[in-house]
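*Asks:* 224 is the number that my numbering gives the last residue of the sequence shown; the numbers go up by one with no jumps. Every residue gets a Cβ at the ideal spot worked out from N, C-alpha and C, and that includes glycine. Handing you this structure, nothing more for now.
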Amino acid sequence: MARQTPGRLEPRKTPVQSRSAASVDAILKATVQVLLRVGKEKLTTTRVAARAGVSVGTLYQYFPNKSALLRAALKLHAEEILAEVNKACIEQRGQPAEQMAEALAVAFLAVKMRDPKKSRALYAVSSDLEGAEIMASTAVSVNEAIAGLLRSAPEVMTRDLRLMATVLQSTIAGVKRQLLESDMAEAQFKVMQRELVSVVRSYVRACVAQ
Numbered sequence: 015m016a017r018q019t020p021g022r023l024e025p026r027k028t029p030v031q032s033r034s035a036a037s038v039d040a041i042l043k044a045t046v047q048v049l050l051r052v053g054k055e056k057l058t059t060t061r062v063a064a065r066a067g068v069s070v071g072t073l074y075q076y077f078p079n080k081s082a083l084l085r086a087a088l089k090l091h092a093e094e095i096l097a098e099v100n101k102a103c104i105e106q107r108g109q110p111a112e113q114m115a116e117a118l119a120v121a122f123l124a125v126k127m128r129d130p131k132k133s134r135a136l137y138a139v140s141s142d143l144e145g146a147e148i149m150a151s152t153a154v155s156v157n158e159a160i161a162g163l164l165r166s167a168p169e170v171m172t173r174d175l176r177l178m179a180t181v182l183q184s185t186i187a188g189v190k191r192q193l194l195e196s197d198m199a200e201a202q203f204k205v206m207q208r209e210l211v212s213v214v215r216s217y218v219r220a221c222v223a224q
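Following this line, the structure appears as structure tokens:
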């Protein structure tokens, strides 16, 4: 099957008026709701428009097709993740490195597990090529944010900061993936979070010069 060109996957136009912004917000929320109810394969622009309370014509003003809708919903989710990481980095700047690691783990899992069903649905979308590109770009930004945070730590590190950022990011992402793929994700969340905090704190402690 021929791959769609990138231009057809991006929104047609950016809303500039409050009414337009409200319509786009409603459409993106409806996209996730329909995705949760019927799945990716059965999601259609008609169903999303009906759920959002807008005409299909209005939807097409901003999103040319189903792929563009899913891409926009995933991009918004990725932006929420990055925003939470950046917030944690700002709040933890200059704090002890172990505390930084704990705050990052808690913030990252919190945004993912705030709505586990939504996260699982969008996680499935991210397996597509275009979705993978969005998440890869977000991962780069997250890595830069973590490395920058570690740079502000009062301790001297014995490892390259980008390497440390990658290990922390990968460890947190691995636990997140396990939670999303588990049928008992919500029940296991607190236990897994506690264990993850123990792991990242131990790793950072091992990286601090004695």
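Quick check on DSSP: helix, strand or coil for Val-222?
*Replies:* strand
*Asks:* State the Cα-Cα distance for the pair Ala-63 and Leu-84, rounded to the nearest angstrom.
*Replies:* 13 Å
*Asks:* Where are the alpha helix (DSSP H) runs, 4 residues long or more, that stay fully inside the stretch 65–134, in chain order?
*Replies:* 70–76, 80–106, 111–127
*Asks:* Among Phe-122, Ala-115, Lys-131, which residue has its Cα nearest to the Cα of Gln-47?
*Replies:* Lys-131
*Asks:* For Glu-112 and Val-218, which I take to be in contact (beta-carbon distance under 8 Å), what is that distance rounded to the nearest angstrom?
*Replies:* 5 Å
*Asks:* Taking one C-beta from the stretch 103–122 and one from the stretch 48–55 each time, how about it: are there three or more such pairs within less than 8 Å?
*Replies:* Short answer: they don't touch.
*Asks:* DSSP has Met-206 in a bridge; who is on the other side?
*Replies:* The partner list for Met-206 (beta bridge, DSSP) is empty, contrary to what the question assumes.
*Asks:* According to DSSP, Met-171 sits in a beta bridge with which residue or residues?
*Replies:* For Met-171, which the question treats as bridged, DSSP gives the partners Val-222.
*Asks:* Which value, in whole angstroms, describes the spacing of the CA atoms of Leu-136 and Gln-224?
*Replies:* 43 Å
*Asks:* Report yes if the C-beta distance between Ala-102 and Leu-163 is below 9 Å; otherwise report no.
*Replies:* yes
*Asks:* Going by the CB atoms, is the gap between Arg-65 and Ala-82 shorter than 9 Å?
*Replies:* no
*Asks:* With a cut-off of 8 Å, do at least 3 Cβ pairs link the stretch 175–186 to the stretch 66–79?
*Replies:* Touching, no.
*Asks:* Check this for me: beta carbons of Leu-49 and Ala-87, under 9 Å apart or not?
*Replies:* yes
*Asks:* Return the residue from the list Glu-93, Ile-41, Gly-108, Glu-158 that minimises the CA-CA distance to Tyr-76.
*Replies:* Nearest option by C-alpha distance: Ile-41.
*Asks:* Just the C-alpha distance for Gln-18 and Gly-145, rounded to the nearest angstrom, thanks.
*Replies:* Residue placement at Gln-18 is flagged as unreliable, the pLDDT there being 44, under the threshold of 50; a coordinate-derived value is accordingly withheld.
*Asks:* Count the other C-beta atoms from every protein chain shown that fall within 10 angstroms of the C-beta of Ser-237, then say buried if there are 16 or more, exposed otherwise.
*Replies:* Residue 237 is absent from the model: the chain starts at 15 and stops at 224.
*Asks:* Exposed or buried, what is Glu-116 when buried is set at 16 or more other beta-carbons lying within 10 Å of its beta-carbon?
*Replies:* buried
*Asks:* Can you give the Cα-Cα distance for Asp-129 and Glu-158, rounded to whole angstroms?
*Replies:* Within the model, the alpha-carbon separation for Asp-129 versus Glu-158 is close to 26 Å.
*Asks:* For His-91, which option in Ala-138, Gly-188, Glu-195 has the closest C-alpha, if you only look at C-alpha atoms?
*Replies:* Ala-138
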